[in-house]
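Protein sequences appear in the order of chains S and C.
Counting from 1, position 111 in the first sequence corresponds to residue 110 in numbering that gives the first Met the number 0; the numbering is continuous, with no gaps.
Counting from 1, position 158 in the second sequence corresponds to residue 157 in numbering that gives the first Met the number 0; the numbering is continuous, with no gaps.
We put the beta carbon where it would ideally sit given N, CA and C, even for glycine.
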Amino acid sequence: MSYYFCIIGTKDNPLFEHEFGTSRSGGDGVSRFSQSDRSLNPFIIHSSLDIVEEVQWGPSSTSGSAPMYLKHIDKYAHNYISCWITGGNVKFLLLTRPSDAALPGAVGGGAGGVRGSLAGGRGGMLQGTYNPTSPATEEAVKNFFFDVYDAWVKTIMNPFYGLDDRVTSPVFRQRVATAAKKYL
Amino acid sequence: MSAPQGTTSGLRYPSNKKTIYDRNLNRSKNAELSRAAFAYLFVEMISYAQKRVKGIADLEKRLNTQGYPLGLRLLDLLLTRTANPLSSIRPTRILPLLQFIAQTLWRHLFGRPADALERSESDPGQYMLYDNEPLVNQYISTPREMSQLNCAAYVAGIIEGVCDGAGFATEGVTAHSVGGESEGGDKTEREMWPGRTVFLIQFKKEVLEREEIMGRGGG
Chain S
0 MSYYFCIIGT KDNPLFEHEF GTSRSGGDGV SRFSQSDRSL NPFIIHSSLD IVEEVQWGPS
60 STSGSAPMYL KHIDKYAHNY ISCWITGGNV KFLLLTRPSD AALPGAVGGG AGGVRGSLAG
120 GRGGMLQGTY NPTSPATEEA VKNFFFDVYD AWVKTIMNPF YGLDDRVTSP VFRQRVATAA
180 KKYL
Chain C
0 MSAPQGTTSG LRYPSNKKTI YDRNLNRSKN AELSRAAFAY LFVEMISYAQ KRVKGIADLE
60 KRLNTQGYPL GLRLLDLLLT RTANPLSSIR PTRILPLLQF IAQTLWRHLF GRPADALERS
120 ESDPGQYMLY DNEPLVNQYI STPREMSQLN CAAYVAGIIE GVCDGAGFAT EGVTAHSVGG
180 ESEGGDKTER EMWPGRTVFL IQFKKEVLER EEIMGRGGG
């Protein structure tokens, strides 16, 4: 499993991006995108922004409020996209690329066996049958987003941070990496 | 932008090694600020704005601009402080947004809810938020030649920031005095609250269109 995480500002401009792999089931936390995947990822993320705009004003509860977590919203080839939208209309987008069994050397030989034995219990991440809407996956992604959101609010509370500025703080990046390691 | 950076990128750490990310967001939840300190700071802000303006409208515009970024920030901060943070929600309709402003935001800023919230009868896109005694105006008496001025324009800027940030674009939010000797409104109320101020919130047409569609969808 490889992940590409991106924060999109209110004017559809990218503010932050981070790439990582799964740390679950013996994963080493390193992404396995090929060079062409890397170039393609930003395009996939941006194409899903249209869907975000549709979903964000979708049916809300009777109280006239909607959750920030929009769950799984889009799919392109084997890439699944989940979204969290903050109160200030900033989008967190997570692209998930499940590792196909054909991908050689995804994990070392010994760890490969361990991954196989654990896969059933890991949020429906059975090889080849990754299900973005399974409750365990949704929960994991939600927890990840929530931790990032916490760090995000701290970022925007900084008086030197302006609307739609890029986030360059290494501490923020570290926070995202920690959340990724913890939940994904 | 994509390459993970080391921790040695010229970032200066505070002497206690605690960055803004190490602080709890709820740390200052119940903290109170000295009113004297605020009044002093606010007076400085007004005189700073006043040095560079041509007229009263210009001055109010500047105060508004000073409040705007505060609204953008408070929106997300106060949304995280809801009862159950994990089920974070955001307002998608006009009424919940205004209630958020009149209750949550007002309580956070002034320690009490706003005094009244009304919808204009003539214009469906216009809402009026009343404050009988704006805290920001407590130590301010405007000279006669500037009687048009209401320094609560700063608070209007905060409201505008919240509305804009939440995706409810406004034509502008303005503050007007409706107490004392000004015209209109209920006479007894005017006399009881000489500093009574109304914040006029005018939403843009597209916001109202969206609101109508959502209302039809039963959302």
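Between C/ALA30 and S/ARG96, what straight-line distance do the alpha-carbon atoms span, to the nearest angstrom?
Cα-Cα distance, rounded: 45 Å.
Spatial distance of S/PRO169 from C/VAL42 (CA atoms)
38 Å
Three-way DSSP call (helix, strand, coil) for S/THR21 in this model:
DSSP places S/THR21 in coil when its eight states are reduced to three.
What's the C-alpha gap between S/ILE44 and S/LEU93?
8 Å
Mapping DSSP to helix, strand and coil, what is C/ASP130?
strand
Residues in the same chain with beta-carbon distance under 7 Å from S/TYR182, minus the five sequence neighbours each way, listed in chain order, please.
ALA139, ASN142 and PHE143
With a threshold of 8 Å on Cβ separation, who are the neighbours of C/ILE157 within its own chain once the five nearest residues in sequence on each side are excluded?
Only residues of its own chain outside the window of five on either side were considered, and among them GLY66, TYR67, LEU69, GLY70, LEU73, LEU104 and LEU108 have a CB closer than 8 Å to the CB of C/ILE157, listed in chain order.
Interface residues of chain S around C/GLY166 at Cβ under 7 Å?
Residues of chain S passing the Cβ test: ASN88.
For S/ASP164, which of helix, strand or coil comes out of DSSP?
coil
Buried or exposed: where does C/GLU210 fall if 16 or more other Cβ atoms within 10 Å of its Cβ makes it buried?
buried
Run through chain C and tell me which residues come within less than 8 Å of S/ILE50, C-beta to C-beta.
At a beta-carbon threshold of 8 Å, none of the residues of chain C lie near S/ILE50; the nearest stands roughly 16 Å away.
Minimum Cβ-Cβ distance from S/GLY108 to chain C less than 8 Å
Low per-residue confidence applies at S/GLY108: pLDDT is 37, beneath 50, and the placement is therefore not dependable, though the value from the model is reported in the following sentence. S/GLY108 does not count as touching chain C.
Within 8 Å (strictly less), CB to CB, does C/MET213 reach chain S?
It does: the Cβ of C/MET213 has a partner Cβ on chain S nearer than 8 Å.
Where does the unbroken beta strand (DSSP E) through C/GLU117 begin, and where does it stop?
115 to 118
Decide yes or no for the touch test of the segment 195 to 205 of chain C against the segment 157 to 167 of chain C: beta carbon pairs closer than 8 Å, at least 3 of them.
They touch, by the three-pair rule.
Who are the neighbours of C/LEU76 on chain S, taking C-beta pairs under 7 Å?
VAL152 and MET156
Just checking: is the beta-carbon of C/ARG209 within a distance shorter than 8 Å of some beta-carbon in chain S?
yes
Whose CA, out of S/TRP151, S/ALA176 and S/GLY63, lies closest to the CA of C/ASP75?
S/TRP151
Nearest candidate by alpha-carbon position, reference S/SER81, set S/VAL89, S/TYR148, S/ASP164 and S/LEU69:
With distances taken between Cα atoms, S/SER81 lies closest to S/LEU69.
Inspect the CB distances between the segment 49 to 60 of chain C and the segment 32 to 40 of chain C and report whether three or more fall short of 8 Å.
Because the criterion of three Cβ pairs below 8 Å is not met, the segment 49 to 60 of chain C and the segment 32 to 40 of chain C do not touch.
Between the C-alpha atoms of C/MET191 and C/GLN137, what's the straight-line distance to the nearest angstrom?
15 Å
Quick one, which of C/GLU132, C/ASN131 and C/GLU117 has its alpha-carbon nearest C/GLN125's?
C/GLU117
Taking just the CA atoms, how far does S/LEU162 sit from S/ILE84?
15 Å
Amino acids of chain S, ordered along the chain, whose beta-carbon sits closer than 7 Å to that of C/THR169
Taking a Cβ-Cβ cut-off of 7 Å, C/THR169 has no neighbours in chain S, whose nearest Cβ is about 14 Å from it.
Tell me the DSSP secondary structure of C/ILE139 in three-state form.
coil
Spell out whether any CB of chain S is found under 8 Å from the CB atom of C/LEU71.
yes
The alpha helix (DSSP H) that contains S/TRP151, what's its start and end?
Counting along the chain, the alpha helix (DSSP H) containing S/TRP151 begins and ends at 134 to 155.
Using a 10 Å radius around the Cβ and a threshold of 16 neighbouring Cβ atoms, would you call C/ARG143 buried or exposed?
Result: exposed.
Within a Cβ cutoff of 8 Å, which residues of the same chain sit near C/ARG293, ignoring the five residues on either side of it in sequence?
Residue 293 of chain C lies beyond the stretch modelled for chain C, which goes from 0 to 218, so this question has no answer here.
List the whole-angstrom C-beta distance separating C/ARG89 from C/LEU97, where the pair is believed to meet the contact cut-off of C-beta under 8 Å.
About 14 Å separates the two Cβ atoms, so there is no contact after all.
By how many angstroms is the C-alpha of S/ILE6 removed from the C-alpha of S/PRO41?
11 Å
Roughly how far, in whole angstroms, is the beta-carbon of C/PRO133 from the beta-carbon of C/GLY194, given that I think they are within contact range, below 8 Å?
In this structure C/PRO133 touches C/GLY194 by the C-beta definition: roughly 6 Å separates them, less than 8 Å.
Is there a C-beta anywhere in chain B that falls below 8 Å from the one on S/ARG174?
Here the protein chains are S and C, and chain B is not one of them.
Consult DSSP for C/PRO90 and reduce its assignment to one of helix, strand or coil.
strand
Best match in S/ASN12, S/ASP73 and S/SER1 for proximity to S/VAL89 [C-alpha to C-alpha]
S/ASN12
As a quick exercise: from S/THR177, S/ASP149, S/TYR129 and S/ALA179, pick the residue whose alpha carbon is nearest that of C/ASN25.
S/ASP149
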